[in-house]
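Okay, structure first, notes after.
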Amino acid sequence: MTAVGALVRLIMILIVAAALPCRAEDAISGRWEGTARIPDDEVNVIVDLAQENGAWVGSIIIPGLGMKGTPLTDIKVQSPDVKFAVKGRSGFK
Numbered sequence: 027m028t029a030v031g032a033l034v035r036l037i038m039i040l041i042v043a044a045a046l047p048c049r050a051e052d053a054i055s056g057r058w059e060g061t062a063r064i065p066d067d068e069v070n071v072i073v074d075l076a077q078e079n080g081a082w083v084g085s086i087i088i089p090g091l092g093m094k095g096t097p098l099t100d101i102k103v104q105s106p107d108v109k110f111a112v113k114g115r116s117g118f119k
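Here the numbering used here is used: the first residue of the sequence shown is 27, the next is one more, and so on.
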């Protein structure tokens, strides 16, 4: 192996090693789609999560209930679990 090849290999190892301790919460940010069970029914949901200034923010879309972009409250992230509430919306369109 040449000196240049060894240096390139060392740099690649350092890049991978530096990425390993990245926070798991970063993987939680984004758009999540799935189903949620509510009493006597199952509905499709789309949840958007992000961090802004160290705080979690998000919204939820539930097409079957006419909810679009309803803000999430009480967001708690303890990787790999995320808990939140949806409050204040009783009259769905």
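Using N, Cα and C, we set each Cβ at its ideal position, and we do this for glycine too.
Burial state of Val73 is buried, judged by a 10 Å Cβ sphere holding 16 or more other Cβ atoms. Inclusion of Gly84 and Leu98 in the CB contact set at 9 Å is warranted, their separation being smaller than that value.
DSSP places Pro65 in no beta strand (DSSP E); its state is neither H nor E. C-alpha of Glu59 to C-alpha of Glu68: approximately 13 Å in a straight line. For Lys113, no beta strand (DSSP E) segment is defined, and its DSSP state is neither H nor E.
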